[in-house]
Structure formats: structure tokens, C-alpha cells
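First comes the structure, then the notes that go with it.
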Amino acid sequence: SASISSDVDGFLSCLSINIPPSLIHTPSSNSYSPLLMSTVQNRRYALPGPTRPLVIVAANETAHVQTTVVCGRRHGVHVRTRSGGHDYEGLSYTSVNHKHFAVLDLAKLRAIHVDATRAEAWVESGATLGELYYAAAAANRTFGFPAGNCPTVGVGGHLSGGGFGALSRKYGLSADNVIDAIVVDAQGRLLNKSTMGKDLFWAIRGGGGESFGVVVSWKVRLVAVPETVTVFGIRRGKNESAVELITKWQAIAPSLPRDLYLRVIVENQQATFISLFLGRCSQLVDTMGAHFPELGMMEQDCQEMSWVKSTVFFFFGTADMPAEALLNRHNEEYYLKVKSDHVEEPMSLDAWESLWSEWLEKPEAAMVMLDPYGGRMASISPSATPFPHRNYMYQLQFYQSWAENGTAAMESRLRWIRGVYEYVEPYVSKNPRSVYVNYRDLDLGTNEVEGNVTSYAKARVWGEKYFKGNFKRLAAVKSKVDPDDFFRNEQSIPPLLPLK
Ligand code: FDA
Numbered sequence: 016s017a018s019i020s021s022d023v024d025g026f027l028s029c030l031s032i033n034i035p036p037s038l039i040h041t042p043s044s045n046s047y048s049p050l051l052m053s054t055v056q057n058r059r060y061a062l063p064g065p066t067r068p069l070v071i072v073a074a075n076e077t078a079h080v081q082t083t084v085v086c087g088r089r090h091g092v093h094v095r096t097r098s099g100g101h102d103y104e105g106l107s108y109t110s111v112n113h114k115h116f117a118v119l120d121l122a123k124l125r126a127i128h129v130d131a132t133r134a135e136a137w138v139e140s141g142a143t144l145g146e147l148y149y150a151a152a153a154a155n156r157t158f159g160f161p162a163g164n165c166p167t168v169g170v171g172g173h174l175s176g177g178g179f180g181a182l183s184r185k186y187g188l189s190a191d192n193v194i195d196a197i198v199v200d201a202q203g204r205l206l207n208k209s210t211m212g213k214d215l216f217w218a219i220r221g222g223g224g225e226s227f228g229v230v231v232s233w234k235v236r237l238v239a240v241p242e243t244v245t246v247f248g249i250r251r252g253k254n255e256s257a258v259e260l261i262t263k264w265q266a267i268a269p270s271l272p273r274d275l276y277l278r279v280i281v282e283n284q285q286a287t288f289i290s291l292f293l294g295r296c297s298q299l300v301d302t303m304g305a306h307f308p309e310l311g312m313m314e315q316d317c318q319e320m321s322w323v324k325s326t327v328f329f330f331f332g333t334a335d336m337p338a339e340a341l342l343n344r345h346n347e348e349y350y351l352k353v354k355s356d357h358v359e360e361p362m363s364l365d366a367w368e369s370l371w372s373e374w375l376e377k378p379e380a381a382m383v384m385l386d387p388y389g390g391r392m393a394s395i396s397p398s399a400t401p402f403p404h405r406n407y408m409y410q411l412q413f414y415q416s417w418a419e420n421g422t423a424a425m426e427s428r429l430r431w432i433r434g435v436y437e438y439v440e441p442y443v444s445k446n447p448r449s450v451y452v453n454y455r456d457l458d459l460g461t462n463e464v465e466g467n468v469t470s471y472a473k474a475r476v477w478g479e480k481y482f483k484g485n486f487k488r489l490a491a492v493k494s495k496v497d498p499d500d501f502f503r504n505e506q507s508i509p510p511l512l513p514l515k
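Residues in the sequence shown are numbered consecutively from 16, following the working numbering.
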């Protein structure tokens, strides 16, 4: 294993040749813990137990990334890349099976350059989604970017895994809008789209973080949004037909016009219907009246604003905050466990009634998010990028977050989420039961290393859930670009052919 052959002292002195000591943080330095914790989103992985990195390199130049990879290769120290630290299972900064690993922290590599004439931007991986939204809109109020709803998520991990959000029905995933990238490969070389080859360029746009190299920056297409968009949030309890409304929502949300995104969040026994409409209030009222009159949406529910303010509304639940709130890189951390599914056929009213009364009414119930696909999502081929889940109706996400310390709280939360996951099995996608890789879940399976290379046969168990038929192609790309399996974690893509 890596720990047997790794030469830690050799690694550290190799780093110090090209990287200033102020950027190299070992456990003995006072800066180590604050830096390690700075973007730990999931407190479950801040507990004693998981292994901590033997060093954190806070790269602020691309050359530091190359040096870290080259030194890691030479001295047998695996490298985990961290951009925003929002991995649901903490894989960018913890390890359950690698004693000696380094973290390459990209938080300082976060420049964003918008080319307003071409409606494109170069964005470094350490930038957050909030910073990208802010920069795009600052260049032009009619520029947007399709990506997730949480502004503190890192660009590096998010674009690597896909990137779904309020503009995805109109413009697809973040990864669908990547037009070039700068990657440091397993040999420390710097590659761009024209030098990396089309297979690697395919793999990095949705094949999940870590496996193929370190993506230092991304060139993205900015998308057109109107000067004024409209949002609403309408809350309904069970006695206000919440369950009937969700049942109806399933049938209409994926086929609404592409300019209308309508999600549902169920929390504290209330269903909130939240919308982004790329147009004005009066037209939204008409569209809702035509497709979903049961919700009773009215003009008073509308809030008109700029697109960038809508991203504030989507995260904070209010637009009464300046757009600068998007620049706050810190999100309050909590204990977290997420499980998710894709739904192909609407669940019946009876099924929703039972799910609600047997699971959602429990005090330890998770937040449940229903996010519609359809529109542009459904018009992209499942093999165009590694993200294969193009034809489902919607995502179903159980987002269990809690603040109480202690094993009792943790056990009851984990029991609930694992129980509900078993419970909904009859209603969700099958063969495989498919999951979006950015909603990482280690319960699906973890890698096993055989002969110092991750086993392909074992990895298929989780890999085909994330990638279906694309998994094999990802493994083939891996065997070309990183046959020695330097970039690895508990769910990294294995090389297809063991070479030794
Ligand atoms: P982090 O730094 O933890 O990296 C994630 C993975 O990618 C790790 O394996 C890491 O090693 C690797 N990696 C990171 N940077 C890399 C780089 N530059 N090159 C190569 N590999 C790299 N998703 C979504 O689609 N829509 C949404 O609305 C949300 N909302 C959301 C809210 C909250 C609160 C959380 C915690 C998460 C989400 N997500 C999401 C999921 C999110 O997209 C996913 O966790 C991303 O991988 C996070 O990217 P970070 O860079 O922050 O994570």
C-alpha cells in the first residue's frame, strides 16, 4: 500500500525546493488545523477517526500544483485535491485507508477573468460558485452561469462532477458549458483542451473529482439571462394539500417551459415550491395558471430581481441581502449525510401519503429536495459527458444535516436516512439505482486496492450507479492518463486494465 512505500521526509524536502515554506503546512505548525478546517463542510469528518493529511500545500501558483504531483509520485505520497471542501463524504481532506496523503488546497487559486465580448470566463478551481455568479453579473447583468444553489461550493469539485442548478433545465449542467480547461496530469504536465486529447477532456467534465488529474482552471461559456427574472417561494402544509400538490408537481415540473424551474423542498412537514422564471411576473402567473393552477400562485407571490439576486434568494431564502453575500466563502458547517435517487415515473398519491406519514413526520427527518430535469437536460445524449442521468423526471435528495454533537444524534439521523433510502426503493430508478456523483455516498461502495491499483471489478458496484455505461469509458481513460493510479480515493475511477 501507499503507506509502506511512501517517503515522507523525501516528499517534504522535494516540495521545499519549489514551494515557499509559508505555503507548506505540517501538523506541527500552528496554521495546520485552521487551514485544514477552513473548508470542512461536513463535521462528521472533523471528528477523530478519519486520517488527516501529513501536509497541506496551499498552492498559489500552477507550478506549486505541478511540484506537489511530481514530488508525490517520486516519494509515494498520494495527493488529494481540495477546492471548496464541500464533498459530502469529505474525500478532499480525509481518508479512511491512506495513511500518507497530502492535501493540495486550491483555495488561493481563485482568479476569475470574464471576457464580456465573448461571454466567456476563465475561472480557477478555488473560486466558489458565488464568486463566479458575482463576477459574471458584474461584467454584464444579462450573464449567468448554470451551477448549484449553494454559493460556497467550490468550482473545482462542482464542475468535475457535473453541476446542477436552477438554470439546468434551460442550459444543462455546469460541465455542459465548459469549453476548455487547464489540467496538471499524473506526470505533472500542464495540459489544455488541445493537448489533453478528447477522452481526457470528456472525462473531466462530469467524471467526478480527483481521478484524472488536478484541474487548475476552467474556461466556461456564460449564458444569457434576462435583465429581470422572477422568483417565488410558496409553502403548503399537509392540511393545505401539500401531498396532492407534490404528486401533481411530478407530472408537470419536468415538462414545463425551459424558462421555468420549479423545485420542491420538504422540511418540517411543509412543502415549499420554489421557482426561478427567466421572465416577468405577469407571464409567470399565466404559465403557472396554465400548467399548475392547483398551487394557486398569484401576482403577490412574485419577486422580480436581477438574476444574480435570484441566486441570493435561492440560497438564503430571501433577496433582502446585497449580492455581495455571494462573496462570503464561509458556510456554517454541520454534520451531514446525503442520499439521493432519480425518479422515472411519478409516485402515486398513496405512496407520497405513506412516505410523508411514516418518514417525513419523524423529528429526525431530513430535508427532502425534489429537482426537476427535462428541458435541455433531456436533450443531451447520456454519453455526451460522463453524467448519464439525462432522461429522468427528477432528482430526489435526502439531505440530513444536524448540529447536535454526539453519537446518539448521529445514529438516529443515519438510521433515518438509511431507512428512508430502503423504503423508497420501489419508486426510484432501477438497474442500476442511479445516483449523481456530486451527491457522493460511500454507502454505495468503496474501492479496494489490489496490487497497488484500484480494482475495477470492485469499483463497478458504486461506479455504475454514478455513471452507468460511461463507467467503463472513464476507466479506459484512467488507464491511459494515470495507469499507476496515483490520483485515488475511496471512490476514484480505477484503471480498466491492470498493467502489472
Ligand atoms: P471538494 O473540494 O471537497 O472536492 C470534491 C471532490 O472533487 C473531491 O474528490 C476532490 O478531491 C475533487 N476535486 C476538488 N477540486 C478538484 C480539482 N481542481 N481538480 C480535480 N479534482 C478536484 N451539487 C449540485 O450539483 N448542485 C447543488 O445545488 C449543490 N448544492 C450543494 C450544497 C451544499 C451545502 C453542499 C455541501 C454540496 C452541494 N452540492 C451541489 C454538491 C457539490 O457539487 C459537490 O460536493 C462538489 O464536488 C463540491 O465541490 P468542492 O470543490 O466544494 O468540493
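Note that the Cβ used here is the ideal one computed from N, Cα and C, for glycine as well.
*Hey, out of R251, F158, D500 and A418, whose CA is closest to E465's CA?*
Taking the first residue of the sequence shown as position 1, residue 465 is located at position 450. The option with the nearest alpha carbon to E465 is D500.
*Measure the Cβ-Cβ separation of V281 and F288 and say whether it is below 8 Å.*
Against the sequence shown, residue 281 aligns to sequence position 266. Against the sequence shown, residue 288 aligns to sequence position 273. Not closer than 8 Å, so no.
*Reducing DSSP to helix, strand and coil, say where T109 ends up.*
Here residue 109 corresponds to residue number 94 of the sequence shown, with the count starting at 1. Look at T109 here: in three-state DSSP terms it is coil, with no helix or strand label.
*Quick one: what does DSSP say S18 is sitting in, helix, strand or coil?*
Position 3 of the sequence shown, counted from the first residue, corresponds to residue 18. Any reading at S18 needs caution, since the residue's pLDDT is 44, under 50, leaving its predicted position unreliable; the model's value is listed next. Reduced to three states, the DSSP call for S18 is helix.
*DSSP three-state call for V496: helix, strand or coil?*
Counted from its first residue, the sequence shown places residue 496 at position 481. DSSP places V496 in the helix class (H, G or I) of the three-state scheme.
*Flag V23 as yes when its Cβ comes closer than 7 Å to any non-hydrogen atom of the ligand FDA, and as no otherwise.*
Numbered from its first residue, the sequence shown carries residue 23 at position 8. No, the Cβ of V23 stays beyond 7 Å of every heavy atom of the ligand FDA.
*Pull up the distance between the alpha-carbon of A17 and that of G91, whole angstroms please.*
What you label residue 17 is simply residue 2 of the sequence shown in a count that begins at 1. What you label residue 91 is simply residue 76 of the sequence shown in a count that begins at 1. Reliability of the predicted coordinates at A17 is poor, the pLDDT of 43 falling under 50, and the value obtained from them is presented with this limitation in mind. Rounded to whole angstroms, A17 to G91 spans 6 Å at the Cα level.
*L364 lies in the alpha helix (DSSP H); which residues open and close that run?*
Stepping through the sequence shown from its first residue, residue 364 is reached at position 349. According to the DSSP assignment, L364 belongs to the alpha helix (DSSP H) that extends over L364 to L370.
*What number of angstroms, rounded off, separates the C-alpha of D200 from the C-alpha of G99?*
Working through the sequence shown from its first residue, we reach residue 200 at position 185. Working through the sequence shown from its first residue, we reach residue 99 at position 84. Computed Cα separation, rounded: 20 Å.
_Three-state class that DSSP yields for V443 in the structure shown_ = Numbered from 1 along the sequence shown, position 428 holds the residue referred to as residue 443. Coil.
*When we look at the beta-carbon of H79 and count the other beta-carbons within 10 Å, is it buried (16 or more) or exposed?*
Your numbering for residue 79 matches position 64 in the sequence shown. Under this definition H79 is a buried residue.
*Range of the contiguous beta strand (DSSP E) that encloses H357*: For the purposes of this step, residue 357 is taken as residue 342 along the sequence shown, with counting starting at 1. Where H357 is concerned, the enclosing beta strand (DSSP E) stretches over Y350 to V358.
*In three-state terms, what does DSSP make of L514?*
One-based indexing of the sequence shown puts residue 514 at position 499. Per-residue confidence for L514 stands at a pLDDT of 48, beneath the threshold of 50, marking its modelled position as unreliable; no derived number is given.
*How about the region 372-380 and the region 178-190: do they share at least three Cβ pairs that are nearer than 8 Å?*
Flag = no, the region 372-380 and the region 178-190 do not touch.
*Simplified DSSP state of Y388, which is helix, strand or coil*: For the purposes of this step, residue 388 is identified with residue 373 of the sequence shown, where counting begins at 1. Note: Y388 maps to coil in three-state DSSP.
*Roughly how many whole angstroms lie between the Cα atoms of W477 and V168?*
Along the sequence shown, one-based indexing puts residue 477 at 462. Along the sequence shown, one-based indexing puts residue 168 at 153. Taking the straight line from one Cα to the other gives about 24 Å.
*How about H173: is its Cβ closer than 7 Å to a heavy atom in the ligand FDA?*
One-based indexing of the sequence shown puts residue 173 at position 158. Result yes, Cβ under 7 Å from the ligand FDA.
_Reference E255; option with closest CA among Q285, Y276 and V244_ = For this step, residue 255 is matched to residue 240 along the sequence shown. Closest by alpha carbon: Q285.
*Can you give me the start and stop residues for the alpha helix (DSSP H) that F482 sits inside?*
The sequence position of residue 482 within the sequence shown is 467, counting from 1. Y471 to F482 is the extent of the alpha helix (DSSP H) around F482.
_Of the listed residues A340, M384, S444 and M425, nearest to Y149 (C-alpha basis)_ = Residue 149 sits at position 134 when you count from the first residue of the sequence shown. Nearest of A340, M384, S444 and M425 to Y149, Cα basis: A340.
*Report yes if the CB atom of F402 is closer than 8 Å to the CB atom of I432, and no otherwise.*
Numbered from 1 along the sequence shown, position 387 holds the residue referred to as residue 402. Numbered from 1 along the sequence shown, position 417 holds the residue referred to as residue 432. No, they are not a contact pair.
*Residue(s) in a DSSP beta bridge with F292*: Here residue 292 is taken as the residue at index 277 of the sequence shown, counted from 1. In DSSP, F292 forms a bridge with T245 and L275.
*Take G25 as the anchor and find which of S394, R503, P68 and R89 has the nearest alpha-carbon.*
Indexing the sequence shown from 1 puts residue 25 at position 10. Among S394, R503, P68 and R89, the Cα nearest to that of G25 is on R89.
*Assuming V72 and A117 make a contact with CB atoms under 8 Å, what is their CB distance in whole Å?*
Stepping through the sequence shown from its first residue, residue 72 is reached at position 57. Stepping through the sequence shown from its first residue, residue 117 is reached at position 102. Right, the Cβ-Cβ distance comes to about 6 Å (below 8 Å), so this counts as a contact.
*Return the Cβ separation of V358 and V443 in integer angstroms, given the expectation that the two are a contact with Cβ distance under 8 Å.*
Translated into the one-based positions of the sequence shown, residue 358 becomes position 343. Translated into the one-based positions of the sequence shown, residue 443 becomes position 428. That belief holds up - the Cβ atoms of V358 and V443 are roughly 6 Å apart, short of 8 Å.
*Is DSSP giving E426 helix, strand or coil here?*
Numbered from its first residue, the sequence shown carries residue 426 at position 411. It is helical.
*What is the rounded straight-line gap between the Cα of Q410 and the Cα of G180?*
The count along the sequence shown starts at 1 and reaches residue 410 at position 395. The count along the sequence shown starts at 1 and reaches residue 180 at position 165. About 11 Å.
*Bridge-paired residues (DSSP) for N57*: Taking the first residue of the sequence shown as position 1, residue 57 is located at position 42. Residue pairing of N57 in beta bridges, as defined by DSSP: Y349.
*Residue from E419, G224, S297 and S372 with nearest C-alpha to T243*: Numbered from 1 along the sequence shown, position 228 holds the residue referred to as residue 243. That would be S297, whose Cα lies nearest to the Cα of T243.
*With distances taken from CA atoms, which of R156, A134 and V170 is nearest L147?*
Along the sequence shown, read from residue 1 onward, the residue named residue 147 stands at position 132. Closest option to L147, Cα to Cα, is V170.
*Report whether the distance from the Cβ of T96 to the nearest heavy atom of the ligand FDA is below 7 Å.*
Taking the first residue of the sequence shown as position 1, residue 96 is located at position 81. Checking every heavy atom of the ligand FDA against the Cβ of T96, one is found closer than 7 Å.
_Collapsed DSSP secondary structure at A266 in the structure displayed_ = As a position in the sequence shown, residue 266 is number 251, starting the count at 1. Helix, per DSSP.
_Length of the line joining the Cα atoms of K480 and R503_ = Looking up residue 480 in the sequence shown gives position 465. Looking up residue 503 in the sequence shown gives position 488. Their Cα atoms are separated by approximately 18 Å.
*Sort F158, G212, V229 and P49 by Cα distance to R97 and report the nearest one.*
Here residue 97 refers to the residue found at position 82 of the sequence shown. Selection F158, G212, V229 and P49 evaluated against R97 yields V229 as nearest (Cα-Cα).
*Quick one: complete alpha helix (DSSP H) runs, 4+ long, within the region 182-222?*
Segments of the alpha helix (DSSP H) lying fully in the region 182-222: 183-186, 208-211 and 213-218.
*Residue range of the beta strand (DSSP E) that M320 falls in?*
For the purposes of this step, residue 320 is taken as the residue at position 305 of the sequence shown. Bounds of the beta strand (DSSP E) holding M320 are Q318 to M320.
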